[in-house]
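Colleague: Residue numbers (UniProt numbering): 1 to 157. For reference, the structure I am asking about is given below.
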Amino acid sequence: MNIIDEIGILALSTRLQRLSEQLRKDGALIYKSFDIDFEPKWFPVIYTLHVKEMLSVVEIAVEIGYSHPSTISLLKELEKQKIVSSKKDKLDERKRLIVLTPKGKELILKMQPVWSVMNDALNEIADNQNNLLKAIEEAELKLAKQGFFQRVSDLKR
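As structure tokens, this is what we get:
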């Protein structure tokens with residue numbers, strides 16, 4: 001046990017980041033072991049487009065819960081890899097609509113069986129006495145009602 005583990009809740013962000021990094025690193029190894037050239041950070045965009053088919057940049061950002069600049073950065077990488085493409089919206093010239101390319105759709109087909117196995121493994125990891133996913137959802141709901149900064153400000157008074 002290290003100091004971060006010992007200090008408990010004060011290191012919540014650090015612990016979540018550490019957990020996220022380990023899952024992301026292992027996710028990359030899993031894709032590689034299945035001979036799939038894929039970065040785990042692309043997953044939210046790819047999966048969203050797999051389900052919703054065509055969305056604007058803003059709609060993707062809302063769906064994945066990322067900032068607009070972060071979403072644009074991911075989309076640029078995916079366009080460079082020829083996994084997604086964009087076209088101007090006929091109704092609103094300022095809007096870009098994003099779709100999976102044939103290469104992107106082929107990638108989805110390769111990844112679906114892998115996602116199934118990953119889903120089973122993640123369920124094993126999260127299925128603890130205190131279900132990890134439920135706990136995260138509860139914390140996210142509380143933060144949506146009142147953020148961390150606001151709570152500290154209120155307690156400071």
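Idealized CB from N, CA, C, for every residue including glycine. What you are looking at is a predicted structure, and each value in this text was computed from that prediction instead of being measured.
So what does DSSP say about K110, is it helix, strand or coil?
Modeller: As a first step, residue 110 is located in the sequence shown; it is residue number 110 there, counting from the start. K110 falls in the helix class under three-state DSSP.
Colleague: What whole-angstrom Cβ distance do P44 and G27 have, given they're in contact under 8 Å?
Modeller: On the sequence shown, residue 44 is found 44 positions in, with the first residue counted as 1. On the sequence shown, residue 27 is found 27 positions in, with the first residue counted as 1. Their Cβ separation, rounded to whole angstroms, is 12 Å, which puts P44 and G27 out of contact at 8 Å.
Colleague: Relative to the alpha-carbon of S85, which residue among E93, D92 and K76 has its alpha-carbon at the smallest distance?
Modeller: Start at 1 with the first residue of the sequence shown, and residue 85 comes out as number 85. Nearest option by C-alpha distance: K76.
Colleague: Excluding five sequence neighbours on each side, which residues of the same chain lie with their C-beta closer than 8 Å to the C-beta of V114?
Modeller: As a first step, residue 114 is located in the sequence shown; it is residue number 114 there, counting from the start. Hits under 8 Å: I30, Y31, F34 and I36.
Colleague: What's the C-alpha gap between F149 and L141?
Modeller: For the purposes of this step, residue 149 is identified with residue 149 of the sequence shown, where counting begins at 1. For the purposes of this step, residue 141 is identified with residue 141 of the sequence shown, where counting begins at 1. In a straight line, the C-alpha of F149 is about 15 Å away from that of L141.
Colleague: Could you tell me which residues DSSP pairs with I98 in its beta bridges?
Modeller: Residue numbering aside, residue 98 sits at position 98 when the sequence shown is read from its first letter. Paired residue(s): L55 and S86.
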